[in-house]
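Note that this note's numbering has the sequence shown beginning at 1, numbered continuously upward. C-beta atoms are modelled at their ideal positions from N, C-alpha and C, and glycine is treated no differently.
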Amino acid sequence: MVVEHLTTCRLCPAFCGMTVEVDGDRVVSAKGDPDHPISRGYLCSKGRSVGSFHHHTRRLDFPTIGGGQSNWDATLDDLAERMKTIIARDGAEAIGYYTASGGAYDSAGRPAIGAFFRKLGSNQRYSAVTVDCAPGIRAQQMVTGGHAGITPEWFPDEQAPKLAITIGSNPVVSHAQLGMMLSDPVRWIRDYQASGGELWVVDPRRTETARFADRHMAIRPGTDAVLLAHLCRELLDSGANEREVERHVPAADLAKLREALAGFDLDFVEHRTGIEASTITDLLAAIRRSGQLVITIGTGLNFTPDALVTQLLRWIILVLTGSVDREGGMWVNVGWYEQLEKREDWTSTAVTATPKSPRSRPDLPMWLGEVPCAAMVDEIESGNLKALFINGGSPLTAFPEPDRLRAALRSLELLVVIDVMSNELTEMASHVLPAAAMLERSDLPGGWSQHMAYTPAVVPMSAGRRKTWWMFAQLGRRLGFDVVDGINPDTASDDEVLAIFAKAGRQSPEELFASGPRGIVLPRIYGWVHDRVLPDGKWQIAPDALIERLRGLLKPAEQGPRLKLVSGRELHNHNRMPYGRYGLKRFDEDQLPGIGIHPDDAARNGVGEGDAVTLKGDLGILSGTATIDGSLLPGTLHLTHGWLGRNVCRLVSGEIDPETGQPVMMSAIPVEISLAS
C-alpha cells in the first residue's frame, strides 16, 4: 500500500519541504510540500529524484574490512583495536576526520562525530569550510572583533531592502549559500521584483540567476574586489549613513580606508574589470538611491585569489550604508541552537592571538577548531596523521593536487570511509561504514537561516546500514568513553539522541518535534550585534590585511593571451558528493566534462562545439569537451567543479592564503585551451 509521508529534503541547506510516497520499503515518488512556509511547494530535480538516489545500484549495504564484506561487530572491533595501537604509539592526534556536505546535514551524526574526536583528544578535524567558504567567515571575524557566526542574511520578501547585489553566486541553481537559503528561487526573485526590489548580478557568466536580474555586470574573473573598492571609495565621499558611521566606525579606520582606496578611481576600475564606466556609475547611483541594500557572495567568488578582500569590502559597504543588523537591512542569524542574541559574554568566542597550527604547517593557523584542509596532505606525508575518517564527501574532488593527495590517502594505516554509495574512496578504504541516507533517519533540518524543523525517518533502514551517530557511539564504547552522555547505542532511537543535542535550543525538543517538517520560523532580531558583540560598539573596517592587500590590487595586472577558468554548478548535480547526478547520470572518470567557451575564443583557438579539448595551467592539464557558450564574457572558460577523473583541482596549486587557510586560486585560473591531440 502506498503511504504519503511529510518530510524535508536534506540534499542542501535550503531544506525544502517535500512529500514522499512510499510502498513498503520502496520510494515511489517525491514532490514539494505546498504548505511549507519557505519552499511553498518547490522541490528541485535533485529532491524529486530522491527515489533514484535511495535505490541506486551503488548504495552501500554492508561494512567492509580491506575490501571484503564483514559485519558490524567485527568491523568496529577491528577498527577500535587498530586505533588503540595508533594512539599508544603516536597519540590521539594521529587520528583525524574530514566531513563534507554529505555529512553536514546529518543532525545527529555531525555533532556525534565532533563529540567523539573531542573525547578522543584529537584536534585533527577538517571540513569543507576551508575549501569554499573560509573567506566569508574570516571576514566576519575581522570586522566584528574576532567573532565567527555573525552572518548577514537575506531573504527576498517584503522586509528586505529594495536593492540586492549578488556576486559570484547563482542561487537559481545552487539554492543555498552562507547568508542566503533560497528555496523556490525564481518565484521568490520575481515576487521581490514585483514588490519594488531590484536585483543586480555580478558574474563573468550570464548565469541562470542573471537571466532573471534587473541588471547583469559581466565582470572579468577575479576582479570583483576592484569593483567593490571603488564603490567603497565613492560611498565614503557621499552616500554613507552618517549616523551609523559616526557612532559605530572608528575615525582612524575611516582615515586608513580613504588613503588605501584613493587609487580606485572610475577609469582604473573600468580598465581592470572590463565593466563600462556608465554601468558602474549606475550601480553606485542605485546604492545611494536605495540607502540600505543586500550584498551576497557565493562559492564562485570564494574560490578566487582576492576572495578575502572582496568579502571585507562587501562588509564595509554594508556597514557604511547601515545595511547590517539594522531594520530595513540584512539581519544577522541568531540561530536556533545558539540563540546568539541572548549571549552575554562574547569575549570568550573571540579568535585567539596565537592559535595552534598543524605541526607540518606552522604557517597555517587553525581556526574554528579545525585544521585547514590544505594541510591534510602535509600532515599525512610527515607522519603526523596515520588514520583518517572521511564522512560524506571526497577530498579528491575538492582539494588541490589530487594526485598527491590520492597517494597520501593510500599510505594511511587506516582510511575509514562513511558514505551511502560506493566511490573511489570506498575502493581504497581500509574500512567502509555504510550510512543511512536521509530518508532512513530522523533529523532537525534548519537553524542555518530563518527556519527550523523536525523530520522523522520515512523508510526502514536496510539491514546492513547504520546511523552515523550509532557508529561513533559504538566505537567510543570500545575505546572506553560515551560519545553522547546518557545514550545507550544498543537501545536509543534517533529522537532520543536528537533531543539531547537540541535540549538547549530556542524551543524545547518536544515543541520542536511537534512542529514537524513545516517547522518554526525563527525571529529576525536587529541591533544585538551592535549592542553585544562589537568591541565598544564599533565595527573594525580597516584590518591590516585589507589595507595591505588593497595596495596589491593597484599593481599592474598580468597581461597575456591566457583565458580564465571559472567554476560553476549544475541543477542536477551536487558538486561535493562523489556519486553523480542522483541516478540520472554519473560524473565519473570515463566522462569528459563540458568546458564552456565564448564563440570568439573558440574561433580564435580553432575549437568547435563538441571538440575534445585540453586545458593547460601552470601545474597540470585537464581534458574536456568544448561547449560553445555565448553567456560567457570573452576570455572566460566555465567548468562545473566536482568531476572525479577530470578534476579541475589538478590545475590548482597548494598555495594557501594564510589568513583563511584556503587555497588561493580555485577559480579565475589562468589556462590555455587547445584541441586534444
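Residue nearest to residue i in terms of C-alpha spacing, selected from the options
i	options	result
E244	Q311, I541, C373	I541
G392	D73, E153, K467	K467
G96	D184, G103, T19, I113	I113
E558	T19, S430, I38, H271	H271
R58	A437, D495, G476, A457	A437
A429	C9, D90, G68, H54	G68
L163	R288, A676, V420, R258	R288
G222	D267, R187, I167	I167
L651	T296, V521, G617, R187	G617
Q141	L368, Q159, F15	L368
V458	D23, P37, L433, G630	D23
L554	I38, L318, A14, T273	T273
Q718	L405, A14, E338	An answer regarding residue 718 cannot be provided, because it is not within the stretch 1 to 677 covered by the chain.
Inter-residue Cα distance where the pair is residue i and residue j
i	j	result
R518	M452	8 Å
P633	R233	Looking at the sequence itself, residue 633 is Leu, so the reference to Pro does not match. Cα to Cα, the separation comes out at about 26 Å.
I418	E246	52 Å
F513	W331	26 Å
T99	P400	17 Å
A353	R215	Residue placement at A353 is poorly supported in this model, since its pLDDT is 45, which falls under 50; the coordinates are not used for a value here.
D191	G291	21 Å
S52	I87	41 Å
P685	A473	Outside the shown range of the chain, which is 1 to 677, sits residue 685, and nothing can be said about it.
E153	Y526	11 Å
A104	V143	27 Å
C649	P395	10 Å
V50	A30	7 Å
G17	L11	12 Å
W448	N333	8 Å
E413	L534	46 Å
G47	P543	42 Å
V324	I165	14 Å
L615	E609	16 Å
V294	G635	29 Å
Cross-strand partners of residue i (DSSP beta bridge)
i	result
H5	V20
E153	W331
A176	M181
M666	DSSP lists no partner for M666.
Q69	T64
M421	R59
N391	T99, I418
V202	I167, M217
R683	The question about residue 683 has no answer here: the residues shown for the chain are numbered 1 through 677.
A612	T625
L565	L637, I669
D443	T455
R125	Y97
E370	W367
For residue i, the first and last residue of its enclosing alpha helix (DSSP H)
i	result
M83	72 to 90
R26	Unbroken run through R26 is the beta strand (DSSP E), 26 to 32; no alpha helix (DSSP H).
P185	185 to 194
K503	Note, K503: premise wrong, no alpha helix (DSSP H); not H, not E.
T273	266 to 273
V377	376 to 381
Residue i - containing beta strand (DSSP E), residue span
i	result
M217	215 to 217
T468	No beta strand (DSSP E) contains T468, which is instead part of the alpha helix (DSSP H) from 468 to 479.
L633	Here L633 belongs to no beta strand (DSSP E), and DSSP marks it neither H nor E.
W315	It is not in any beta strand (DSSP E) - W315 instead sits in the alpha helix (DSSP H) that spans 307 to 320.
G146	G146 -> no beta strand (DSSP E), and no H or E assigned at all.
P599	First-last for P599: 599 to 604, but that is the alpha helix (DSSP H), not the beta strand (DSSP E).
V432	431 to 434
Cutoff 7 Å; reference residue i; Cβ partners in own chain excluding five residues on either side
i	result
L284	L231, E234
A499	P509
P121	As written in the sequence, residue 121 is Gly, which differs from the Pro given in the question. Contacts found: A92.
E370	R125, Y126, S127, V129, T130
V671	R562, L563, L565, L615, K616, G617, L637, L651
A134	T660, G661, Q662
Close beta carbons around residue i, own chain, < 8 Å, minus the five adjacent residues each side
i	result
R359	E379, S382, N384
L236	L254, L257, R258, L261, L320
T75	P63, T64, I65, H431, L433
L592	A612, S623, G624, T625, R646
Contacts around residue i, its chain only, beta-carbon distance under 6 Å, and the 5 residues preceding and following it disregarded
i	result
S567	G300, F303, H641, S667
K119	F481
V202	I167, M217, I219
T209	N170, P171, V172, V201
Residue i: CB within 7 Å of a non-hydrogen atom of the ligand SAH
i	result
A225	Looking for the ligand SAH in the displayed structure turns up nothing, as the structure carries no ligands at all.
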